[in-house]
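For the first sequence, this note's numbering begins at 138 and goes up steadily by one.
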Amino acid sequence: MLSHKLLTKAGYISQLGAGIFSFTPIGWRVIEKIKNIIRYEMNSIDCHEANFPVIQPSDIWEESGRIDSFIPPLARFKDRRDKIMIIAPTHEESVISLVRSEVNSYRDMPFSLFHIQTKFRDETRPRGGLLRVREFEMKDAYSFHADQNDLDDIYEKFSNAYFNIFNKCGIDVIKVAADSGAIGGKVSSEFISVAESGEDTILKCDICSYAANEEKAEFKKIIKTINNNSIEISEVKTPNIKSIKDLSNFFNLDSYNFIKTMVYFSSKKPVLVSLAGDLEVNETKLKNLLQNDVRLANNDEVVDLGLTPGFISPIGNNFDLILDDSINLKADYILGANKEDIHLSGVVPEKEFNIKSHTDIAKAKKGYLSIDCDDTKCKGMNEYKGIEVGHIFKLGNAYSTKMGLNFLDKEGKQRSVEMGCYGIGVGRLLAAAIEANSNQKELVLNKNISPFHVYIANLNTDNLEVKEASNSIYSDLINSGYEVLFDDRDEGPGVKFNDYELSGVPVRIVISKRSLENSEVEILERGEDKLRMVKIENIDKELSNIL
RNA sequence: CGGGGAGUGGCGCAGUUUGGCAGCGCGCCUGGUUUGGGACCAGGAGGUCCCGGGUUCGAAUCCCGGCUCCCCGACCA
């Protein structure tokens, strides 16, 4: 991971444990700059900074119901009175606890609060340096509304503020529709910085600009049309033909004419999942539908359930059946007979299946048309890898109902508050900015988030004249309000240049015997290869052009 | 949680197979030379060999138990 390597080598961070890092002074300066950008943008949409505790009594987690359901499990300990305390992974509970005693009327809203706070999540596997850690700084904001339209408006404002924040940090992001995961709520959007090293896969149509996380992406399915003839079910011998591809060749039919059935376990209970032969299961969609973790059954488990691997059929058994909406209930299909080497043709799902759900549980793929795509113009979605740097959610009243966050509306009727929540991982944002702009040798940060504005090096530390000139230039720059990293170490030029390249500082000023002969210094802007020779009295002016 | 790997000076590692003086490179300290792309010479400091137990005259090395970290997968704002 490039960002991890550079952050460590440049001395920004140091690892204390798995997914737990210390920041050094230079690293923390960058974190503070990012936080200040966030603060500025939050203030500009009237979101006010507050602070909520890291350690929280478990009561509020009981109220929200997340005490035992949060994934990963909540980190907890007992205090001296034997009371269970939670090390907070997120702050919905605590913010609601504050707000519910203050909000009584629709007149009290809308408003929003944010804080930048340490969170702890006991992730199963931290990885990628600052990209997935256990303890981390996160900005999270919460908004409160009397109705959904108002939530929609503020959600858009946050969205715009997020684009500003990420752009100022030097990264381009794509906003995508996302799965809301453990936080809950219905609608959510992720901000993804496109990077090869990213953990998330997104699908995006570059023509109509539909974009979604792979977990969430919805697409146009090929639906088999209804055959007019009243077709009878018949058995067809299909010796050792198990895959959809083989069937497709055997029958000389497109793969959507077949039904593929998989066996999953959801909280130890078997569930059959069927979809058109050309598609695959999206386990996130399935998980959300079942409200439970899912796991694909292995071959032995399938046999134990009395099913025949390769020829599984939802006919003739009583397992719960989930049908993807790619399947036309009235059309006729070919599917397994649950007998070795035999398939059934002419099966009309509506007549034969005992269906529990008929909905979208299929995985979108590169090249598919999204649900928003225009068939005549769009050419199918492209696939990108990326880093999730922000995630915003329309929570609705999911939390406010559970925790009794209510208000009286204009008619004097009690209703629950509509909420939104908006997160940014600060350390991850730094890592993403580095991933987006750096290379093997150079840590590149733009002037908004670099630890210092200017690096100056005295190249001849043993020369009194150079030393005095360097000191005086340093003082002048400080007095002009620049943040300056002054390299006056007794090291050779190579050492200094290499360390500068790792420093993340955008401008290098070199002061040496050679240049001082003309009362000049040498200014190099990162990313350029042309040195500028600048008279000492013009340094300030030159810098103001660059910074 | 499953699979694999590692733990020896500040950092990176060798030594473990076959038990027998605790080693190397970088960094650090002192002195000197050098000074526009990670310099050089000389001298020096620095160790709970992850922890606990066992075998042995003797354990970094063998045996048992534990901890931690890394990688792949599962999982995951």
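Built from N, CA and C at the ideal position, the CB exists for glycine as well.
Which residue's Cα is closest to the Cα of residue i: the options?
| i | options | result |
| --- | --- | --- |
| residue 390 | 415, 357, 400 | 415 |
| residue 553 | 538, 646, 565 | 538 |
| residue 360 | 430, 393, 587 | 393 |
| residue 313 | 337, 603, 146, 304 | 337 |
| residue 660 | 594, 639, 629 | 594 |
| residue 295 | 339, 218, 325, 542 | 325 |
| residue 665 | 645, 632, 678 | 645 |
| residue 297 | 262, 273, 215, 310 | 310 |
| residue 454 | 381, 600, 442, 463 | 442 |
| residue 471 | 434, 543, 248, 380 | 380 |
| residue 167 | 670, 206, 183, 643 | 643 |
| residue 353 | 378, 671, 316 | 316 |
| residue 524 | 385, 303, 680 | 303 |
| residue 612 | 683, 638, 591 | 591 |
| residue 604 | 624, 616, 614 | 624 |
Which residues bound the beta strand (DSSP E) around residue i?
| i | result |
| --- | --- |
| residue 496 | 494-496 |
| residue 476 | 470-476 |
| residue 272 | 272-282 |
| residue 331 | 324-331 |
| residue 312 | 310-314 |
| residue 338 | 337-341 |
Rounded to the nearest angstrom, what separates residue i and residue j at their Cα positions?
| i | j | result |
| --- | --- | --- |
| residue 401 | residue 432 | 5 Å |
| residue 228 | residue 277 | 8 Å |
| residue 404 | residue 589 | 53 Å |
| residue 674 | residue 582 | 27 Å |
| residue 407 | residue 428 | 14 Å |
| residue 254 | residue 584 | 25 Å |
| residue 493 | residue 234 | 39 Å |
| residue 290 | residue 346 | 21 Å |
| residue 579 | residue 162 | 19 Å |
| residue 301 | residue 178 | 7 Å |
| residue 576 | residue 597 | 29 Å |
| residue 445 | residue 477 | 7 Å |
| residue 200 | residue 540 | 6 Å |
| residue 631 | residue 147 | 16 Å |
| residue 512 | residue 501 | 16 Å |
| residue 564 | residue 288 | 28 Å |
| residue 671 | residue 504 | 54 Å |
| residue 159 | residue 628 | 27 Å |
| residue 221 | residue 230 | 15 Å |
| residue 210 | residue 226 | 10 Å |
What span of residues does the alpha helix (DSSP H) with residue i cover, start to end?
| i | result |
| --- | --- |
| residue 292 | 285-305 |
| residue 637 | 630-640 |
| residue 611 | 601-616 |
| residue 388 | 381-388 |
| residue 372 | Counting along the chain, residue 372 falls outside any alpha helix (DSSP H), though it belongs to the beta strand (DSSP E) covering 371-374. |
| residue 422 | 420-427 |
| residue 486 | 486-489 |
| residue 348 | Element bounds for residue 348: not the alpha helix (DSSP H) but the beta strand (DSSP E), 348-350. |
Mind reading off the beta-carbon distance from residue i to residue j? Whole number of angstroms is fine, and I expect it under 8 Å.
| i | j | result |
| --- | --- | --- |
| residue 223 | residue 193 | 5 Å |
| residue 508 | residue 341 | Not quite, the Cβ-Cβ distance comes to about 13 Å (not below 8 Å), so this is no contact. |
| residue 561 | residue 527 | 5 Å |
| residue 498 | residue 435 | With a Cβ gap of about 20 Å, residue 498 and residue 435 do not count as contacting. |
| residue 463 | residue 412 | 5 Å |
| residue 369 | residue 481 | That pair is no contact at about 10 Å. |
>> At 3 residues or longer, what runs of the beta strand (DSSP E) sit wholly inside the stretch 175-250?
In response: 184-186, 192-194, 212-215, 221-224
> In chain order, which continuous runs of the alpha helix (DSSP H) of length 4 or greater are located wholly inside the stretch 648-679?
Replying inline: 650-653
> Considering only residues of the stretch 528-556, which uninterrupted alpha helix (DSSP H) runs meet the minimum length of 4 residues and lie entirely inside it, listed in chain order?
Replying inline: 535-540
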